[in-house]
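The opening position of the sequence shown corresponds to residue 4 in this note's numbering, with each subsequent residue numbered one higher. Heads up, the beta-carbon is just placed ideally off N, CA and C, and yes, glycines get one too.
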Amino acid sequence: MSDDLQALLPTGRVLTDPGLLGPYLHDEAEWAPAGTPVAVARPRSTAEVQQVVRWCIERQVPIVPRGAGTGLSGGANPIDGCVLLSLAAMAEVLEVNAAESLAVVQPGVVNDDLRAAVAQHGLWYPPDPASAPWSTIGGNVATNAGGLCCVKYGVTGDYVLALEVVTGTGEVVRVGRRTRKGVAGYDLRGLIVGSEGTLGIVTEVTVRLRPGRAPERTVAGYFDSVVDAGRAVAAVVGSGVIPSALELVDRHCLEAVDAWKHMDLAVDADVVLLGRTDTPGAAGEAEAAEMTRCFEEAGATFAAYSTDQDEADALFAARRLAYPALERLGPVLTEDVCVPTQLVPEMLTRIQSAGARHDVHIANIAHAGDGNLHPLIITQPGDDAATARAQAAFEEIIADAIALGGTVTGEHGVGLLKRPGLAREQAPEVIAMEHAVKNALDPHGILNPGKAIPVLLT
Ligand SMILES: Cc1cc2nc3c(=O)[nH]c(=O)nc-3n(C[C@H](O)[C@H](O)[C@H](O)COP(=O)(O)OP(=O)(O)OC[C@H]3O[C@@H](n4cnc5c(N)ncnc54)[C@H](O)[C@@H]3O)c2cc1C
Numbered sequence: 004m005s006d007d008l009q010a011l012l013p014t015g016r017v018l019t020d021p022g023l024l025g026p027y028l029h030d031e032a033e034w035a036p037a038g039t040p041v042a043v044a045r046p047r048s049t050a051e052v053q054q055v056v057r058w059c060i061e062r063q064v065p066i067v068p069r070g071a072g073t074g075l076s077g078g079a080n081p082i083d084g085c086v087l088l089s090l091a092a093m094a095e096v097l098e099v100n101a102a103e104s105l106a107v108v109q110p111g112v113v114n115d116d117l118r119a120a121v122a123q124h125g126l127w128y129p130p131d132p133a134s135a136p137w138s139t140i141g142g143n144v145a146t147n148a149g150g151l152c153c154v155k156y157g158v159t160g161d162y163v164l165a166l167e168v169v170t171g172t173g174e175v176v177r178v179g180r181r182t183r184k185g186v187a188g189y190d191l192r193g194l195i196v197g198s199e200g201t202l203g204i205v206t207e208v209t210v211r212l213r214p215g216r217a218p219e220r221t222v223a224g225y226f227d228s229v230v231d232a233g234r235a236v237a238a239v240v241g242s243g244v245i246p247s248a249l250e251l252v253d254r255h256c257l258e259a260v261d262a263w264k265h266m267d268l269a270v271d272a273d274v275v276l277l278g279r280t281d282t283p284g285a286a287g288e289a290e291a292a293e294m295t296r297c298f299e300e301a302g303a304t305f306a307a308y309s310t311d312q313d314e315a316d317a318l319f320a321a322r323r324l325a326y327p328a329l330e331r332l333g334p335v336l337t338e339d340v341c342v343p344t345q346l347v348p349e350m351l352t353r354i355q356s357a358g359a360r361h362d363v364h365i366a367n368i369a370h371a372g373d374g375n376l377h378p379l380i381i382t383q384p385g386d387d388a389a390t391a392r393a394q395a396a397f398e399e400i401i402a403d404a405i406a407l408g409g410t411v412t413g414e415h416g417v418g419l420l421k422r423p424g425l426a427r428e429q430a431p432e433v434i435a436m437e438h439a440v441k442n443a444l445d446p447h448g449i450l451n452p453g454k455a456i457p458v459l460l461t
C-alpha cells in the first residue's frame with residue numbers, strides 16, 4: 004500500500020522504514036498512548052498535502068498532522084495504520100507586509116523564526132508559548148496556543164486573520180480575510196483554530212502583527228507558600244494592572260533547571276512570581292510598584308522590581324526551561340487547567356491536597372495571570388503504583404477545576420489526555436454539536452480521529 008504513496012511525492016518525502024520513523028512516534032505528552040503509522044509523509048507544498056489527503060480518502064486511511072511534536076496532550080500521536088503528515092518542511096515565511104501589519108507563513112515555520120522575521124520590519128508577533136524555540140505556527144494554530152504574554156495580548160487565535168486549509172474532502176479552501184475588519188459568513192477560520200487537526204490540514208497562515216514594543220520591567224516576588232503566591236496573583240489581576248506576563252514557578256522547577264543548565268539560580272524561596280509590564284514611562288513605573296505592593300501584601304518574603312535585566316532574563320529563561328528540565332527527572336503528567344483568576348489560590352490549595360492525598364510529587368508552573376495552571380505530576384519510570392496514584396491525582400485536579408467553573412485545558416488542547424475530563428466539562432448537547440461539525444467537515448472520518456472531542460454517547 005505504501006508503494007503508491009511513495010510514488011505520489013518526490014523521492015525521500017515518504018518514510019516507511021521503521022528505523023526512520025522514531026522521531027515521529029510521539030509528542031511530548033509522555034503519558035498519552037501512541038500507535039504505529041504505515042508511513043510518514045513530508046510534503047513541501049499545499050498541492051502535495053492535497054495529494055496525500057486524497058490518497059487517504061480513497062483508501063480510508065486516517066491522517067495525523069504533525070508540526071514539531073511539542074504538544075502536551077497526545078494530539079500529534081500516530082494512530083495505528085495512519086499516515087503521519089509532517090508539515091515541518093513547509094517552513095517558509097511567504098510575506099511580511101509592514102503597511103498592512105500582517106505576515107503570511109507556511110505551517111512549519113517555527114514560532115521564534117516568525118518573530119525574528121517580523122522584528123526586522125519593526126513588528127511583533129505576540130503569541131509566545133514557552134515552546135516558541137521549537138513549536139510551529141501550524142501546531143500553534145491547531146492548538147490555539149497561549150503563552151507568557153497572552154495575559155495582556157491574547158492567544159494565537161486572536162492573531163489569525165486567514166487560513167488555507169486542505170479539507171477532509173480533499174479540497175483546498177481559504178477561510179478568513181486579510182482586511183482589518185470583516186464579518187462575512189460563519190467564522191470558519193475560528194472553527195479551524197484549535198481544532199487539533201480534526202477538521203482540516205492547515206497549509207498557510209495569515210497573521211496579524213503589532214508594532215514592536217517597549218522594553219519590559221520585571222517584578223520578582225518570593226513566597227514561602229504556593230497559596231500566598233496565588234493570593235498575590237488574584238490581587239494583581241484585581242488591582243486593574245494588566246501585566247505583560249505574570250508567571251509562577253516553584254522551587255522544584257528552579258532546582259531542576261539549575262541541575263540541568265547550571266544557571267546558578269540562587270533563589271531562596273519555595274515559589275517565585277514573575278510579573279512584567281511593558282507600559283512605557285511613569286505609567287509603567289506605577290504598574291511595577293502596584294505589582295510589588297500586591298506581592299508584599301499577599302505575604303511575599305521578598306518583592307522588588309529588578310534593575311538587573313540579566314537576572315530577570317535568567318529567571319524567565321528558567322521558567323521556559325522548567326518543563327524539559329523536569330522531564331529529565333522522570334515521566335511528567337502535565338495538567339493545563341484554567342480557573343477564574345480570583346480562584347487561583349483555591350485551586351492551588353486543591354492541587355496541594357491532591358498531591359498529599361495521592362502521595363505524588365507535584366511541581367508547579369503557571370501562566371498565573373490567566374489562571375492557567377500547570378501542575379506537573381512526576382513519577383519514577385516502572386513504578387506502577389505511583390503511576391496509578393498520579394492518574395488519580397490528575398483526574399481529581401481536573402474535577403476540581405471544573406467544580407470551580409474552570410476548564411480542563413487552557414492552552415495545550417484536549418488531544419487524548421483530556422478527552423475524559425472534557426466529557427465531564429461539556430453538556431451532552433454540546434458534544435453532539437461538536438460531532439455534527441466533525442461529520443460535516445470530515446465526512447470520511449479520516450482527520451486525526453479519536454482526538455480533541457469526547458466520545459459521543461448515544
Ligand atoms: C517545553 C514546552 C513548553 C510549552 N509551553 C507552552 C505554552 O506556553 N503555551 C502553549 O499553548 N503550549 C505550550 N506547549 C505545548 C506545545 O508546544 C503547543 O501545543 C504547540 O502549539 C504545539 O506545536 P507543534 O508544532 O509542536 O505541534 P504538534 O505537537 O506537532 O501538534 C499539535 C496538534 O496540532 C495538530 N497540527 C499540527 N500541525 C498542524 C497543521 N498544519 N494542520 C492541522 N493540524 C496540525 C496536531 O495533529 C496536534 O493535534 C509547550 C510544550 C513544551 C514541550
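Assigned exposure category for residue i - 16 Cβ within 10 Å defines buried
| i | result |
| --- | --- |
| Ser134 | buried |
| Ala286 | exposed |
| Leu97 | exposed |
| Tyr128 | buried |
| Glu293 | buried |
| Tyr162 | buried |
| Val458 | exposed |
| Asn442 | exposed |
| Met436 | exposed |
| Leu450 | buried |
Residue i in three-state terms, based on DSSP
| i | result |
| --- | --- |
| Tyr162 | helix |
| Leu419 | coil |
| Pro21 | helix |
| Leu249 | strand |
| Gly424 | helix |
| His364 | strand |
| Trp58 | helix |
| Asp339 | strand |
| Ile405 | helix |
Residue i CB to nearest heavy atom of ligand 1 below 7 angstroms
| i | result |
| --- | --- |
| Val433 | no |
| Arg69 | yes |
| Pro26 | no |
| Val64 | no |
| Lys454 | yes |
| Asp6 | no |
| His415 | yes |
| Ala145 | yes |
| Asn451 | yes |
| Ala148 | yes |
| Ala37 | no |
| Ala133 | yes |
| Glu290 | no |
| Ser48 | no |
| Glu199 | yes |
| Ala165 | no |
| Glu31 | yes |
| Pro327 | yes |
| Gly78 | yes |
| Thr73 | yes |
| Thr172 | no |
Rounded straight-line distance, which links the Cα of residue j to that of residue i
| i | j | result |
| --- | --- | --- |
| Ile368 | Ser309 | 21 angstroms |
| Asp6 | Thr14 | 12 angstroms |
| Gly125 | Gly215 | 5 angstroms |
| Arg57 | Val86 | 12 angstroms |
| Thr382 | Val335 | 7 angstroms |
| Val67 | Trp263 | 33 angstroms |
| Arg392 | Pro327 | 22 angstroms |
| Glu51 | Gly179 | 23 angstroms |
| Gly448 | Gly84 | 14 angstroms |
| Asp316 | Leu268 | 11 angstroms |
| Gly149 | Asp131 | 7 angstroms |
| Leu18 | Gln9 | 8 angstroms |
| Val222 | Val230 | 18 angstroms |
| Glu33 | Leu379 | 12 angstroms |
| Gly233 | Gly224 | 12 angstroms |
| Arg16 | Gly188 | 37 angstroms |
Residue i Cβ short of 7 angstroms to ligand 3 heavy atom set
| i | result |
| --- | --- |
| Ile204 | By its list of ligands, the structure shown excludes ligand 3, since it contains just ligand 1. |
I'd like to know if the segment 234-241 and the segment 254-265 are in contact, where contact means that at least 3 CB-CB pairs between them fall below 8 angstroms.
no
Counting pairs of beta carbons, one from the segment 364-381 and one from the segment 345-352, are three or more of them closer than 8 angstroms?
yes
Are the segment 127-144 and the segment 195-206 touching by the rule of at least three beta carbon pairs closer than 8 angstroms?
yes
Do three or more CB pairs link the segment 154-163 to the segment 243-256 at distances below 8 angstroms?
yes
Give a yes or no on contact between the segment 105-114 and the segment 189-200, applying the rule of three or more CB pairs nearer than 8 angstroms.
no
Quick check: the segment 72-79 against the segment 45-63, are at least 3 beta-carbon pairs closer than 8 angstroms?
no
Touch check for the segment 167-178 and the segment 90-106: three-plus C-beta pairs under 8 angstroms?
no
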